[in-house]
Structures are given as structure tokens and as C-alpha cells.
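A.B. asks: Handing you this structure, nothing more for now.
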Amino acid sequence: MKTTTVLITGRHGFIGNHLYKYLTKKQIVIIDGDEIEEKKLLDVTDLQTLLSINKHVQAIIHLAAKTSIANSFHNPYLTYYTNFVGTFNLLEFARLRNVKKFINVSTYVYGHPQYNPVDENHPIDPHSPYNKSKLLADQLCQFYSHDFNIDVVTLRPFYIYGPGVSSDSFIPSITRQIKQTGEVTLNDRGITRDFLFVDDFISLLIMILNEFPRGYNIFNVGSGTYHTLEEVTHIVAELLGKEFNVQYNKTNTYTDVSTMQADITKISNAFKWKPMVNMKEGLRLTIDANP
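Here this note's numbering is used: the first residue of the sequence shown is 213, the next is one more, and so on.
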């Protein structure tokens, strides 16, 4: 059955905003805080607020979370409470309202890789309260799926970027540095990341909605390739037509993962999905959206 009514949490965040625009174009009914009588932001930590939604929901895409690793050390209570209790409430909402499709957008939880690319069988080793809070939420999703017959997909994206991404994140940060001074500070020469453009992630979410697998499933999500942070900086500078100098502060901590590449074999096979936007094009689109 085609999904026509979707509850989105975190609708005003980076990914949620892109997803909302796409689903609106496809004339899919989107349920968020506007469905609540007070017309307020949807608070996932308040179960009664969720239960005040009176429209039929066919699927839930759960994006809402406290995502800052640094803040999770300063205020672990808020991070654990929001990310665990918020997920708990949404699963309970799904149980009570007989919602059988639940997409849980999680995060990277594997710590320093023992091998690359990282597949779903890689040992788990989350390094921060944020990553640990998301892992707890993943486990709760598995329990609810098994106990209450809810089909749940947990996605573990490695690094999503694109227009509207947080100004504190890596790509907007180096873009500002190149534009303003031409002096760029990076943590270490060898750090790599698996960058996935947001449009590719949105297309994956739509594919999952249309071909929802049964039971509980975990998928790693990325481009399947990696770039060093310095390589990305070179591409950004080229697109801006600017020159730059790099300095390395080498202030890595235990929580900093140096090498990260997703094995996307499982998710590619499950949904016939593959990323379409290469790094240079994705960066161009990101920069053009934030001149």
C-alpha cells in the first residue's frame, strides 16, 4: 500500500526541511506540530502532545534529536532525555495508533573503525553521550518492533551535508574561513569522512517508504566513498575561486574518529539505491545556496 500520510519529527531541522519540501511536492500529507491545536513545535518528549494528533498516520520518520557531540558532554541529561524518551514516546504512539512503518534516523555508532568500509556487523563502540543516546534509541526500536509487530528501519548515516546544513558544521566553517581570510584550520591531515548529499538521503527515505521491509532492519548510509578534509577544502576553494593556506591544530580527542567510510552494500541491494550527486556537485549546490 502506498504511503500517503507521514508524521515527521524534526521537520524544521536540516534534513526535515528538505524532506518536507519533497513530500509536499509529491502531495503526501505531512503531519507535524501544525496538527496540534496550539500550532506549536512538535515536542517528542511529551507523549500527550503526540496523542493529541487526531489524523490517521501511516508512517513515522523520526528525525528530531539533540545532535551536538560537544553539548552532549556539557548537558548529557538533555541529550539522553530528548533522544531516548523522544524515541520511546514515538514508538508508544505508533503502538497505540497502530502505525506499522517507522523510520528511525540514527547516527554513526561504531567508534574507531577496526576495518573500512564499515558494515552493519562492525563492533559497536559509541564515544560520546550523543552517540550512546542514539544507540539506546536504536535498541528500543528493536524491542518495540519485536514485541509489537512494528516494522522499523534504523538508518545510520555517516555524514550528510547540503544546503541548510548547520553553520557550525565542517563545510560551512571552511567556506567562511576561505572567504574571510584564506586561512583554514583543520584538526589533522589524515582525517577522512564519507560525505552524502542530502538529496540522495531524501531519495532513500522515499524508497524505503514505498518498499518498506518487514521486521527490524539496520542500514548504514553514506556515499560508499571517502574524502580527506583537506581534499574537500581544496574543492571548496576551487569552486569559490580562492586560494588558501591550511594549518593543523592536531587537537583530536578520544571521541574524534579519524577514518570513516560506509559499506552501503546492504542498503543498495535492499532498495536498489545508489548516491547520484558527486562531491564536487554537492559542494557547488551547497555553496550556491549560501552565497
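Glycine residues also receive a C-beta, built at the ideal position from the N, C-alpha and C atoms. Keep in mind it's a predicted model, so treat the numbers as computed, not measured.
With a cut-off of 8 Å on the beta carbons, I'd call aspartate 363 and phenylalanine 431 a contact; round off their distance for me.
C.D. replies: Translated into positions along the sequence shown, residue 363 becomes position 151. Translated into positions along the sequence shown, residue 431 becomes position 219. Incorrect: roughly 13 Å between the Cβ atoms, too far for contact.
A.B. asks: What residues are listed by DSSP as bridge partners for arginine 307?
C.D. replies: Locating residue 307 in the sequence shown gives position 95, counting from the first residue. In DSSP, arginine 307 forms no bridge with anything.
A.B. asks: Thinking just about the alpha-carbon of each residue, which of Gly436, Ser415, Gln459 and Met488 is nearest to the one in isoleucine 476?
C.D. replies: In the sequence shown, residue 476 corresponds to position 264, counting from 1. The shortest C-alpha separation from isoleucine 476 is found at Gly436.
A.B. asks: Apart from the five residues just before and just after isoleucine 499, which ones in its own chain have a Cβ nearer than 8 Å to its Cβ?
C.D. replies: Indexing the sequence shown from 1 puts residue 499 at position 287. Excluding residues within five positions, the ones whose Cβ falls inside 8 Å are Thr387, Val448, Leu451 and Leu452.
A.B. asks: I need the straight-line Cα distance from threonine 216 to phenylalanine 456, nearest angstrom please.
C.D. replies: On the sequence shown, position 4 is the one that residue 216 refers to. On the sequence shown, position 244 is the one that residue 456 refers to. Their backbone Cα atoms lie some 48 Å apart in a straight line.
A.B. asks: Assess contact between the stretch 338 to 352 and the stretch 318 to 325, defined as three or more Cβ pairs (one per stretch) separated by less than 8 Å. Is contact present?
C.D. replies: Yes: the two stretches touch, three or more of their Cβ pairs being nearer than 8 Å.
A.B. asks: Tell whether a beta-carbon distance below 9 Å holds between leucine 416 and tryptophan 485.
C.D. replies: Here residue 416 is taken as the residue at index 204 of the sequence shown, counted from 1. Here residue 485 is taken as the residue at index 273 of the sequence shown, counted from 1. Closer than 9 Å, so yes.
A.B. asks: Can you give the Cα-Cα distance for asparagine 310 and valine 444, rounded to whole angstroms?
C.D. replies: Here residue 310 refers to the residue found at position 98 of the sequence shown. Here residue 444 refers to the residue found at position 232 of the sequence shown. For asparagine 310 and valine 444, the distance between alpha carbons rounds to 45 Å.
A.B. asks: Tell me whether arginine 388 sits in a helix, a strand or coil according to DSSP, three-state version.
C.D. replies: To locate residue 388, count along the sequence shown from 1; it is residue 176. Helix at arginine 388.
A.B. asks: So, are the CB atoms of proline 325 and histidine 339 less than 9 Å apart?
C.D. replies: The residue you call residue 325 lines up with position 113 of the sequence shown. The residue you call residue 339 lines up with position 127 of the sequence shown. Cβ distance not < 9 Å, so proline 325 and histidine 339 don't count as in contact.
A.B. asks: Counting only runs of 4+ residues fully inside the stretch 417 to 473, write out the alpha helix (DSSP H) ranges in chain order.
C.D. replies: Within the stretch 417 to 473, the complete alpha helix (DSSP H) runs of at least 4 residues are 441 to 452.
A.B. asks: Kindly give me the distance between the Cβ atoms of isoleucine 315 and histidine 274, rounded to whole angstroms, as I take these residues to be in contact under 8 Å.
C.D. replies: One-based indexing of the sequence shown puts residue 315 at position 103. One-based indexing of the sequence shown puts residue 274 at position 62. Confirmed, Cβ separation roughly 7 Å.
A.B. asks: Let me know the secondary structure DSSP gives asparagine 316 once reduced to three states.
C.D. replies: The count along the sequence shown starts at 1 and reaches residue 316 at position 104. Correct three-state label for asparagine 316: strand.
A.B. asks: So which of Asp406, Phe305 and Ile272 has the shortest CA-CA distance to valine 489?
C.D. replies: Working through the sequence shown from its first residue, we reach residue 489 at position 277. Ranking Asp406, Phe305 and Ile272 by Cα distance to valine 489 puts Asp406 first.
A.B. asks: With a 10 Å radius around its C-beta and 16 neighbouring C-beta atoms as the bar for buried, classify serine 470 as buried or exposed.
C.D. replies: The sequence position of residue 470 within the sequence shown is 258, counting from 1. Flag for serine 470 reads exposed.
A.B. asks: Near glycine 402, which residues of its chain fall below 8 Å by C-beta distance, leaving aside the five closest residues on each side in sequence?
C.D. replies: In the sequence shown, the residue the question calls residue 402 occupies position 190. Contacts found: Thr440, Ser470 and Thr471.
A.B. asks: Considering alanine 271, what are the terminal residues of the beta strand (DSSP E) in which it resides?
C.D. replies: Looking up residue 271 in the sequence shown gives position 59. That run of the beta strand (DSSP E) goes 271 to 274.
A.B. asks: Is it true that the CB of leucine 497 sits closer than 9 Å to the CB of phenylalanine 409?
C.D. replies: Position 197 of the sequence shown, counting from 1, holds the residue named residue 409. Position 285 of the sequence shown, counting from 1, holds the residue named residue 497. Yes, the pair counts as a contact, with Cβ atoms nearer than the cut-off.
A.B. asks: Is it buried or exposed, histidine 230, if we count other Cβ atoms within 10 angstroms and call 16 or more buried?
C.D. replies: Walking along the sequence shown from the start, residue 230 turns up at place 18. Buried: at least 16 other Cβ atoms inside 10 Å.
A.B. asks: Within this structure, are the beta carbons of alanine 186 and threonine 294 separated by less than 9 Å?
C.D. replies: Residue 186 lies beyond the range of the chain shown here (213 to 503); nothing can be said about it.
A.B. asks: For a quick check, are the C-beta atoms of lysine 267 and valine 241 less than 9 Å apart?
C.D. replies: Taking the sequence shown and counting its residues from 1, the one referred to as residue 267 is at position 55. Taking the sequence shown and counting its residues from 1, the one referred to as residue 241 is at position 29. A contact, by the Cβ cut-off of 9 Å.
A.B. asks: Am I right that tyrosine 292 and proline 341 are in contact with their C-beta atoms under 8 Å? What's the rounded C-beta distance?
C.D. replies: Along the sequence shown, read from residue 1 onward, the residue named residue 292 stands at position 80. Along the sequence shown, read from residue 1 onward, the residue named residue 341 stands at position 129. Contact flag correct, Cβ pair sits at about 7 Å.
A.B. asks: Could you work out which residue in Thr221, Asp400 and Lys237 is closest to asparagine 301 when comparing CA atoms only?
C.D. replies: Translated into positions along the sequence shown, residue 301 becomes position 89. It is Thr221 whose Cα lies nearest to the Cα of asparagine 301.
A.B. asks: Of the residues Lys238, Leu303, Glu442 and Phe483, which one's Cα is nearest the Cα of leucine 259?
C.D. replies: For the purposes of this step, residue 259 is taken as residue 47 along the sequence shown, with counting starting at 1. That would be Leu303, whose Cα lies nearest to the Cα of leucine 259.
A.B. asks: Using CA coordinates, which residue listed in Asn328, Gly427 and Ser345 is at the minimum distance from threonine 279?
C.D. replies: Translated into the one-based positions of the sequence shown, residue 279 becomes position 67. For threonine 279, the nearest C-alpha among the options comes from Ser345.
A.B. asks: Just verifying my parser: in three-state terms, what is the DSSP assignment at arginine 496?
C.D. replies: If you number the sequence shown from 1, residue 496 lands on position 284. Helix.
A.B. asks: Is lysine 391 near lysine 454, with beta carbons less than 9 Å apart?
C.D. replies: The sequence position of residue 391 within the sequence shown is 179, counting from 1. The sequence position of residue 454 within the sequence shown is 242, counting from 1. A contact, by the Cβ cut-off of 9 Å.
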